[in-house]
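**Q** Here it is: the structure, laid out below.
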Ligand SMILES: [Zn+2]
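Now the structure itself:
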């Protein structure tokens with residue numbers, strides 16, 4: 001792998017990459033920007049090759065665009081094993097979670113892994129139930145960690161020459177708080193993460209509001225991992 005030629009030498013295919021600045025802004029766990037970015041890879045059957053692409057929301061959410069593109073662009077035999085990995089800047093909303101569940105029901109050989117940078121309106125009960133439904137359907141949902149940021153940088157970003165080892169190092173505390181909240185969602189606990197964004201103020205505030213049920217149900221090491229308990 002050459003550090004002088006950027007990603008082109010690593011990736012001779014013509015798959016689409018996003019620009020570094022796009023990646024940094026879209027996937028910043030502190031940025032509550034409206035648009036969603038989806039980076040995805042698909043592995044068919046037992047093949048080693050991975051097909052990568054990117055997508056965003058248009059008039060429809062990024063997840064719906066993916067499903068429509070996936071099901072319309074080629075004939076897909078329902079008995080073919082297929083592994084899909086999404087890196088999503090926002091977690092799926094309730095409607096998208098329902099569409100994903102229906103998509104997976106129609107394609108039982110598809111396995112889906114979803115890594116998310118942020119939880120979308122995480123106090124909304126419909127969104128929480130949607131994520132729980134995905135989890136119960138067998139979808140793996142995790143908060144992106146430094147490992148995934150590094151992976152996406154190298155595989156989806158048109159990083160400049162000599163910048164292969166650079167990827168945005170966001171403070172871990174935001175990722176850990178989102179991970180804790182995702183844990184609450186899966187367990188059916190009330191929200192403990194509060195996000196406050198003041199108008200015309202550049203900073204977003206994240207605070208934890210833990211109740212006794214959180215202390216009772218969440219393993220201590222996960223609470224301690226936030227560094228705030
Ligand atoms: Zn959606």
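In full-length UniProt numbering, the protein residues as written are 1 to 229.
Ideal Cβ placement from N, Cα and C applies to all residues, glycine included.
1. Check the DSSP bridge columns for residue 43 and list the partner residues they point to.
2. Under 5 Å from any heavy atom of ligand 1, by CB: list those residues in chain order, please.
3. Ordered along the chain, which non-local residues of its own chain (more than five positions away) have a Cβ less than 8 Å from that of residue 98?
4. Would you mind working out which of 177, 105, 204, 123 sits nearest residue 223, comparing C-alpha positions?
5. With DSSP run on the structure shown, which of helix, strand or coil describes residue 61?
6. Under 8 Å by Cβ, that's how I've got residue 36 and residue 89 pegged, so tell me the actual separation to the nearest angstrom.
7. Between the region 149-166 and the region 118-129, do three or more beta carbon pairs fall short of 8 Å?
8. Helix, strand or coil for residue 3 per DSSP?
9. Just to confirm, are residue 68 and residue 92 a CB contact at a threshold of 8 Å?
10. Tell me which residue opens and which closes the alpha helix (DSSP H) that residue 129 is part of.
11. To the nearest angstrom, report how far apart residue 143 and residue 182 are at their CA atoms.
12. Comparing C-alpha positions only, which one of 107, 87, 140, 105 sits nearest to residue 117?
13. Can you find the residues in the same chain that come closer than 6 Å, C-beta to C-beta, to residue 20, ignoring five residues on each side of it along the sequence?
14. In the DSSP output, what is residue 227 paired with across the bridge?
**A** This is what the structure holds:
1. 83
2. Ordered along the chain, the selected set is 61, 93, 96.
3. 130, 133
4. 177
5. coil
6. 5 Å
7. no
8. Note that residue 3 has pLDDT 46, beneath the 50 cutoff, so the model's placement of it is unreliable and the number below is only indicative. If DSSP states are grouped into helix, strand and coil, residue 3 belongs with coil.
9. no
10. 125-136
11. 8 Å
12. 87
13. Only 157, 159 meet the Cβ criterion.
14. Per DSSP, none; premise fails for residue 227.
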